[in-house]
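Working notes, beginning with the structure itself.
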Amino acid sequence: MNGKNAYSVPSSDMETPEKKNIDDDNNAYVKKVYNYLFQVPDMTSYYPSCTTFKHHRLDIINWELLDKHLETRFDDEMYIDGEVCDMKCWSTRFVLLPASDLYAKKFNELKRGDVFEPMMLIDTNLDEYIMNFCKFMVGLNAFARGGFDLMKFDKHLLPKDQLDEIIKRWKKNVKPLRYKEKSLCDIFVLLEFMVYLKLNVENMDVDKNAINFIKELEAANKIQRLKTNDIDLSSCFGFIFYVFVDELNGIEELKKIRAIVDNDSLVECEVVMNVPQFSTRCNQDRFRRRANMEIVSGDTFKISQNMANYNECAKFIFDRTFTPGKGYEIQLKWIIATGSKIVANVEKWCRKADLLKFHVVPIPEDLFALATNAASSPLRIPIPIELRCEDIEIEYLPQMIFKMIELYGFLPYKFSKSNKKVQYVHITGGMFLMFQDEKNTFQWSWNHMFSDHSTIFKSSCSEEFHDNMLADFRAFCLNKDGRLSNLYKSIRNN
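Here the sequence shown stands for residues 516 to 1009, numbered as in the numbering used here.
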């Protein structure tokens, strides 16, 4: 098994080795690096690669320790690698992307890849786009709600001092959230309420004014966060659950609601309207959040006759921020769950995303599997594509790289801590891209996790599309038809 993904449950039994002994035992295997030449389809030659392996000692796994963690169900040590306990679990990753139909249509018309335009991300009103994201996020939570359209509300503007009327109109037009079949009409999503204020209240057509008004309501104790003691998410702009607080019995009602809703199961995130500078991110974990997820309701199995029943469950890991024009990652890790039920949940997300002009794409754990990384998959390697940049002045090179990546429909995805590079995902989800400036080379990697024959993941990404995209990108980098030179001239002139 490859060294990157292989780790074992440590033993604490006196008759078996300690974790240190297991690590020492593995060191003999890890230190040995195997060098070989490797070639994948679409590469023109063999490429020097290396890998290492890690020994599995399944006979010394401490199953009592595993049972202990299973009792806690959502213990982070079951899912997150740590110094004390590195345990195995099932894991799958997905990225939420804007619908790619417009890009694919333009590509098929012009037979080339440098056709991306910003309007292909958001072909509707920005507020409507944000509302669609909110509806998708509601589906990731344990909440349910019927459909509604903020854009079709009564457009008669209300004065901001008529708070009771503002809330009354909201409750009249927005169907209440239901949490495990219980209707909770006082809970609302902050971002949806902001869009509502912009459309229905005087002088609220600017985000800043709506945010200030919400801060005033919170300071006056008219609204409160549903999730308590969450210092990690303090933004006033995002998919965050709030509660209307009534003057008479609001505090008691708030306590009842908080007693019903499990804090640790809430999926919330900030919304950042501008793509952040990923190169400044040093600690990627800071930008990830976790929530508990019940796969099915009801009692599904027993560990023993004398112990309580346990529901199938998973740990849900997701990006702390959402930005239009950036890939949004969601990840599931589980031990106590049935595969078919995991698939059923993912299918539900995909159907929801398709209806809301997004699409969900599965992605591998290691996007690029670089040849120089001995811990990466030994049977994968990205395709290097050299950029002919001899005639490009060094000061214009970063702009050139960014513009090329944008023109070909690649969206920022994440900042890699290991190689200090921004990694991009294509709007169709079918490929990844990264630029290594020290080599003036793009690294192009295929997404092998899904195909155009998939019945779950809908994408405009066929094998023919793959081949044509790669061929056209190579031609652009070699300046075969002058497109690279034309792009350079336009950047210099502007």
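Just so you know, even glycine gets a beta-carbon here, dropped at the ideal spot from N, CA and C.
Query	Result
Segment contact flag, the region 930-940 with the region 973-992, C-beta cutoff 8 Å, min 3 pairs	no
Nearest-angstrom Cβ-Cβ length linking I681 and I772, presumed shorter than 8 Å	Incorrect: roughly 20 Å between the Cβ atoms, too far for contact.
K650 burial status per 10 Å Cβ neighbour count (16 or more: buried)	buried
Beta-carbon proximity of S564 to A886, cut-off 8 Å	yes
Other residues of its chain near L922: CB distance less than 7 Å, five sequence neighbours each side excluded	D629, F631
Nearest-angstrom beta carbon gap, I878 and M964 [assumed within contact, 8 Å]	6 Å
Bridge-paired residues (DSSP) for N550	C565
Option nearest L692 by Cα separation, candidates K620, V653, G842	V653
Residue span of the beta strand (DSSP E) that contains S960, given as start and end	956-961
I920 and Y939 closer than 8 Å at C-beta	yes
Three-pair Cβ contact test at 8 Å for the region 842-857 versus the region 947-964	no
Reference P714; option with closest CA among C828, L673, I729	Position check: residue 714 holds Leu in this sequence, whereas Pro was assumed. With distances taken between Cα atoms, L714 lies closest to L673.
Closest by C-alpha distance to S891, when choosing among S560, T559, K569, P556	K569
Straight-line Cα distance separating F759 from K686	10 Å
Rounded straight-line distance, which links the Cα of R684 to that of D608	Correcting the residue identity first, residue 608 is Arg in this sequence and not Asp. Their backbone Cα atoms lie some 40 Å apart in a straight line.
Validate contact between the region 953-962 and the region 860-872 using beta carbons, cut 8 Å, 3 pairs	no
Three-state class that DSSP yields for K995 in the structure shown	coil
Own chain partners of D996 with C-beta closer than 8 Å, once the 5 adjacent residues on each side are dropped	A990
Heavy atom of the ligand SAH within 7 Å of I726 beta-carbon	Of ligands this structure carries none, so the ligand SAH is not represented either.
Close beta carbons around C700, own chain, < 7 Å, minus the five adjacent residues each side	K686, P691
Separation of D679 from M646, as counted between CA atoms	23 Å
Per-residue burial, V548 [other beta carbons within 10 Å of its own, 16 or more giving buried]	exposed
Where T559 falls, given that 16 or more other Cβ within 10 Å makes a residue buried	exposed
For S931: DSSP bridge partner residues	K936
Residues of its chain near M635, where Cβ-Cβ distance is below 6 Å and the 5 sequence neighbours each way are ignored	L617, Y618
Reduced DSSP secondary structure (H/G/I, E/B, other) of M946	strand
Member of L612, W578, E579, R627 whose CA lies at the smallest distance from the CA of E979	R627
Span of the beta strand (DSSP E), counted from its first residue to its last, around I832	828-834
V704 and F752 closer than 8 Å at C-beta	no
Exposed unless 16 or more other CB atoms sit within 10 angstroms - verdict on W849	buried
Among P556, T566, P613, nearest to N550 - alpha-carbon criterion	T566
Assigned exposure category for N1008 - 16 Cβ within 10 Å defines buried	exposed
Through-space distance from W578 to S819, alpha-carbon basis	Per-residue confidence for S819 stands at a pLDDT of 45, beneath the threshold of 50, marking its modelled position as unreliable; the derived number appears in the next sentence. Their backbone Cα atoms lie some 15 Å apart in a straight line.
Close Cβ partners of Y911 (< 6 Å) along its chain, the five nearest in sequence each way excluded	I1006
Reference K742; option with closest CA among A725, M788, A806, E717	A806
Residue closest to S615, alpha-carbon to alpha-carbon, out of K936, G924, S1000	G924
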